[in-house]
Structure formats: structure tokens, C-alpha cells
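Working notes for the structure below.
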Amino acid sequence: MWHCGLTKQLTGTMVSTLPSSTVVCIVGAGPSGLACALGISARNIPFVIVDALETGHSNSRSVGVHASALEALYSTHPGLVNTLVSDGVPSSTIRTVDLYEQLVFEQRLSDLAPYTKFPFILLIPQHTFEQRMHEVLPEEVTHWGKKVVAMCEDGGHYRLFFQSGETLEAQYIVAADGSKSTMRKLANIKFLHPFTGKDVMPDPSDPSYVAADVIFEKPLPPNVPKDSLQIMVGGGGMVLTAPLRSGQKDNEYFRLYLGVPDIPPPRPDQAYLQAVIDARGPGSHAETYPKLKIKTVLDSTRFQSRRGLAERFVHRSPGGGNIMLIGDAAHTHGPGGAQGMHLAICDGCELAEAISTHSGSLEALTAWGGRRRAIARQVIDRVEGIMEVESGKMDWTSWIRLKALRAIHRLPFVGTALIWRISGLVYRESPVAVGNGKADANGDFNSQILK
1 MWHCGLTKQL TGTMVSTLPS STVVCIVGAG PSGLACALGI SARNIPFVIV DALETGHSNS
61 RSVGVHASAL EALYSTHPGL VNTLVSDGVP SSTIRTVDLY EQLVFEQRLS DLAPYTKFPF
121 ILLIPQHTFE QRMHEVLPEE VTHWGKKVVA MCEDGGHYRL FFQSGETLEA QYIVAADGSK
181 STMRKLANIK FLHPFTGKDV MPDPSDPSYV AADVIFEKPL PPNVPKDSLQ IMVGGGGMVL
241 TAPLRSGQKD NEYFRLYLGV PDIPPPRPDQ AYLQAVIDAR GPGSHAETYP KLKIKTVLDS
301 TRFQSRRGLA ERFVHRSPGG GNIMLIGDAA HTHGPGGAQG MHLAICDGCE LAEAISTHSG
361 SLEALTAWGG RRRAIARQVI DRVEGIMEVE SGKMDWTSWI RLKALRAIHR LPFVGTALIW
421 RISGLVYRES PVAVGNGKAD ANGDFNSQIL K
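Okay, so the sequence shown: first residue is 1 according to my numbering, each after it adds one.
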């Protein structure tokens, strides 16, 4: 972190579009930053959002949000959540099937109906979700094309320096700028592998995936649900189909997620995607229904997943300024369980409440940081287990695992426990509702965590 006296050379004489100071500066206009902004706005706390991109995030990969995130947003913006639900597909079940389309287990989120207004996972593209959040916020609070290049402590505040030459001073800095977070680096917060404790580094062995928005040919085979999420496992990877609303009547519009054993091309084309579906997608091994066929590829991308957890979520300057990490800046994991955008939104909503109750002491923010880091660690562990199943390996260990999962999930309490965790509702009743101990400021438990 720079000393303020050394950064004067970065300032220019240009006319700034940013205010000179604010209470809260949110760096990053993704789901976590926007969720925090909505909570801050509802509490009438002055804030701005800055983002290095020139426009919004149009190539985002997330597609699912669970009950606890929808509840958190609903508490301050019920109209927004009603709009989001109408824009998306509420999936009341998540089915996992094998190559022969035999049910491995089913997560019946509808069983949560007595406990929440949202007993489903909402299937909606991240960019649509973000667009609706922006519509609720005042237009003038979001500043695009503002890349932070330096930061310094200035009494009880932090001063940010931008590539444009502008500066901004804030008491609270919210780092919501993704897994390669500039703010995390400027605050000298380590990003560690949650199992080894080593710095997170790119690794060619990290699992590879393809995400694609496609329109399938009609008629859609009955073994591809139009109203719920389905995951096929086996043959070396997963094939996930998530129905989406297209805005056009009778369009078979879906998001595909494909686990692939090798690094795929940057923009996988129709032939590549169809080849994976033909090899291990719906209709590939069971001949009850025709094979699923792609009509049009609207967009596609590749990505690799890696695990990471910030060593702490809260950093405080000697003078009393505060930096908080949320979303991918604080934690990363694989796509299993649709936990990424969901967890990020919960981070942001809870942080807004913590900031509103913070009165200069560290207690509220420390409690928030410990709680959210403990939850993130549990989610990472849980996603690892899900991804072991979704890896689709064809060895004896994987075969036995699927057999065991079939048997275990016939026990009603197992399914109930899983949907409470996947939905995030397990964390609603107490600071950390699973585990026998309390989380400290770094989010570590003093007793065993139940995964």
C-alpha cells in the first residue's frame, strides 16, 4: 500500500466525474458489488460504484440464485426480486442422472415451501440479473471505465487513485472486483488455496468447462426438462442443461455447462458442443428418446475453476479506514451447486447491514468478516464434494460413489439436509448454523465444521 505523499504524482488536472469523497466506495459492479450497493442505498448511506470496464459485464457465466440470496434482496427491494423471478425460470428440483438417464438423486427444493417464499433455484443469466439491479439504483452512482491503480491510507479514510488521474476518498472500500482483485492486492491480503494454505496460482490441471447459450431443435426430447435444472454425470464430465426465458414464444433456449477433460477452444462452436452432447448428453446412451440437437449457438466461452480463499475479509487502517472483500475477491470455487453468484449476493447484502451498524469500532465488521469467511469455507468444501460427482470419472471409485449416493439419498433426512445447505437457508437462524463452534475474525472454527 502506498503512502499518500507518494501518490500525488498520479493525480492530474482533468475535470473529475467522480465525487472527491464519499462514505462507501464499491469497487466492482458485479453481483456482489451491486447487492451491497442496493443495501447501502436502502439505508441512505452515501456511496459510489466504480468499475474498470467501459460498460457492463456481458460475458458472465453464472446462471443460478438460491433462496437465501433472493430473501436478502427481497428484504430491501421486494419489487426487484418479483421482477427477477418473472425474468427467470424457477426450478423447484435439481435432478442428477447417469449416462443411462437413471436417477442418481434429486434435490426437491419445493420441500422448502413452508420455510421460504422462494422454494427453488432461480435460473437467470448473470447479465440479466445485473441489468435489473442497475435499473433500481440511481444511474449517477455507477462510474464505468474507472480503473484503480493505487491506494493509500489518509487518516480515517482510504484514498483511491485511478488510471484517469482522478482520486476519491472513502471511509469504507468494498473490494468486489473479482478473483484477480486489484483491491485485495493493494491491501496486501493473501489469496490462499483453502486446503494447502499456499498462494493461489493458475494450474493447467484446474478443471475445464464450457458455458454456452444455445437454442435446441424442436421437438425438445422429454428427457430434457423445460422447467428445471438437470445434470448428467459420467463419460468424463458433466452435461448440465438449464432452461432460460428467451423472450420469444416456444424458443428452446438453454444454458449449457459442459465439463471437459482437455482445454477447449476459446469460443467452442456448434460442432464441438454437439459432439460432447452426442457422446455423453441426453439420448447418448439410453435410446428411449431421440438425441438432443443444437439449432443455434448464441454465445459460448471456456473457463477453468480453482479454489481460493482470502486470508481475511476485513482490513482496517490504523486511522480507522476499512476495506472489505466480497464475492470472487474473497473466495472462489468450482461451479457445482450454483453457489458462486448466490454466495456473492449474500456477501454484499450482509455487508451493507454491517456497515450501517458500524460505529467506529471493529466489532460489527469483524463479526461480518468471520461469519462470511466461515460460510465461504464450508461452501468450498461442499462444492468440492459436488464436483467429485460431476467430474464424471469412469473408474471403480466413481461407480461405487454413484451407487452409494443413490442409496444414501433415499433417506429423507439426507435430502432435507442437502437442500437446506444448497439453498443457504441453513445460515439464516444463527451466525453459522452448522458446526459446533464459533468463527473467529478470520472465519476459522475452534471446533469441527460439519460439511
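For every residue, glycine included, the Cβ atom is placed at its ideal position computed from N, Cα and C. Everything numeric in this text was worked out from a predicted model, so none of it was measured.
{"Asked": "Taking contact to mean at least 3 C-beta pairs separated by less than 8 angstroms, is the segment 322-339 in contact with the segment 22-34?", "Found": "yes"}
{"Asked": "Of all the alpha helix (DSSP H) runs that stay within the bounds of the segment 46-88, which reach a length of 4 or more residues?", "Found": "67-74, 78-87"}
{"Asked": "Jot down the residue ranges of each uninterrupted beta strand (DSSP E) in the segment 287-339, minimum 3 residues, whole runs only, in chain order.", "Found": "294-304, 308-310, 314-316, 322-325"}
{"Asked": "Measuring alpha carbon to alpha carbon, tell me which of Glu139, Gln270, Arg255 ends up nearest serine 239.", "Found": "The displayed chain sequence assigns valine, not serine, to residue 239. Residue Arg255 is the option with its Cα nearest to valine 239."}
{"Asked": "Going by beta carbon distance, what residues of the same chain come within less than 8 angstroms of glycine 319, once the five residues before and after it are set aside?", "Found": "Glu153, Asp154, Gly155, Gly156, His157"}
{"Asked": "Tell me which residue opens and which closes the beta strand (DSSP E) that threonine 96 is part of.", "Found": "93-97"}
{"Asked": "Label glutamate 166 either buried or exposed according to how many other C-beta atoms from any shown protein chain fall within 10 Å of its C-beta, with 16 as the threshold for buried.", "Found": "buried"}
{"Asked": "If I follow the unbroken alpha helix (DSSP H) through leucine 34, where does it start and stop?", "Found": "31-42"}
{"Asked": "Please report the straight-line C-alpha distance between alanine 364 and glycine 334, rounded to a whole angstrom.", "Found": "30 angstroms"}
{"Asked": "With serine 423 as the anchor, note down where its beta strand (DSSP E) starts and where it stops.", "Found": "From DSSP, serine 423 is part of no beta strand (DSSP E) but of the alpha helix (DSSP H) over 412-423."}
{"Asked": "Skipping 5 residues on each side, what residues in its chain have a beta carbon closer than 6 angstroms to that of glycine 348?", "Found": "Ser32, Ala35, Cys36, Ile326"}
{"Asked": "Using the Cα positions of aspartate 227 and threonine 182, report the straight-line distance between them to the nearest angstrom.", "Found": "39 angstroms"}
{"Asked": "Exposed or buried, which one is glycine 234 when buried takes at least 16 other CB atoms within 10 Å?", "Found": "buried"}
{"Asked": "Mark valine 389 as exposed unless 16 or more other C-beta atoms lie within 10 angstroms of its C-beta, in which case mark it buried.", "Found": "buried"}
{"Asked": "Pairs of beta-carbons, one from the segment 305-325 and one from the segment 275-288, closer than 8 angstroms: are there three or more?", "Found": "no"}
{"Asked": "Which word fits methionine 232, buried or exposed, when buried means at least 16 other C-beta atoms lie within 10 angstroms of its C-beta?", "Found": "buried"}
{"Asked": "In whole angstroms, what is the alpha-carbon distance linking arginine 61 and threonine 116?", "Found": "26 angstroms"}
{"Asked": "On a Cα-Cα basis, can you pick out the residue from Leu109, Ala404, Thr76 that is closest to valine 136?", "Found": "Thr76"}
{"Asked": "Would you report the Cα separation of proline 119 and alanine 67, rounded to the nearest angstrom?", "Found": "6 angstroms"}
{"Asked": "State the start and end residues of the unbroken beta strand (DSSP E) segment that holds phenylalanine 453.", "Found": "Absent from the model: residue 453. The displayed extent of the chain is 1 to 451, so no value can be given."}
{"Asked": "Name, in chain order, the residues that DSSP records as bridge partners for aspartate 154.", "Found": "His157"}
{"Asked": "Taking isoleucine 345 as the reference, give the member of Val276, Val48, Ser423 with the closest Cα.", "Found": "Ser423"}
{"Asked": "Does at least one heavy atom of the ligand ATP sit under 7 angstroms from the Cβ of isoleucine 121?", "Found": "Ligands are entirely absent from the displayed structure, and the ligand ATP is therefore not among its contents."}
{"Asked": "If we call anything under 8 angstroms between Cβ atoms a contact, is alanine 452 one with isoleucine 26?", "Found": "Limits of the chain in this structure are 1 at one end and 451 at the other, which puts residue 452 out of reach."}
{"Asked": "Is glycine 281 buried or exposed, if buried means 16 or more other CB atoms sit within 10 Å of its CB?", "Found": "buried"}
{"Asked": "Could you tell me whether the segment 266-280 touches the segment 307-317, where touching means 3 or more Cβ pairs closer than 8 angstroms?", "Found": "no"}
{"Asked": "Of all the options Pro264, Leu109, Ala72, Lys198, which has the alpha carbon lying nearest to the alpha carbon of leucine 343?", "Found": "Ala72"}
{"Asked": "Tell me whether leucine 414 is buried or exposed, calling it buried when 16 or more other Cβ atoms sit within 10 Å of its Cβ.", "Found": "It is valine, not leucine, that sits at residue 414 in the sequence shown. Exposed, because fewer than 16 other Cβ atoms sit within 10 Å of the Cβ of valine 414."}
{"Asked": "Can you give me the Cβ contacts of arginine 267 inside the same chain, cut-off strictly under 7 angstroms, excluding the 5 residues immediately before and after it?", "Found": "Ser300, Thr301"}
{"Asked": "Over the uninterrupted alpha helix (DSSP H) stretch that includes glycine 385, give me the two end residues.", "Found": "363-390"}
{"Asked": "Return the Cβ separation of isoleucine 215 and threonine 128 in integer angstroms, given the expectation that the two are a contact with Cβ distance under 8 angstroms.", "Found": "Between threonine 128 and isoleucine 215 the Cβ distance is about 17 angstroms, and since that is not below 8 angstroms, they are no contact."}
{"Asked": "In chain order, what residues of the same chain lie with their CB nearer than 6 angstroms to the CB of valine 23, ignoring the 5 residues before and after it?", "Found": "Ile45, Pro46, Gln171"}
{"Asked": "By alpha-carbon positions, which one of Trp368, Ser317, Leu160 ends up nearest to glutamate 350?", "Found": "Trp368"}
{"Asked": "Glycine 308 to phenylalanine 191, Cα distance in whole Å?", "Found": "6 angstroms"}
{"Asked": "Measuring alpha carbon to alpha carbon, tell me which of Pro243, Tyr427, Gly236 ends up nearest proline 125.", "Found": "Pro243"}
{"Asked": "Helix, strand or coil for valine 141, going by three-state DSSP, please let me know.", "Found": "helix"}
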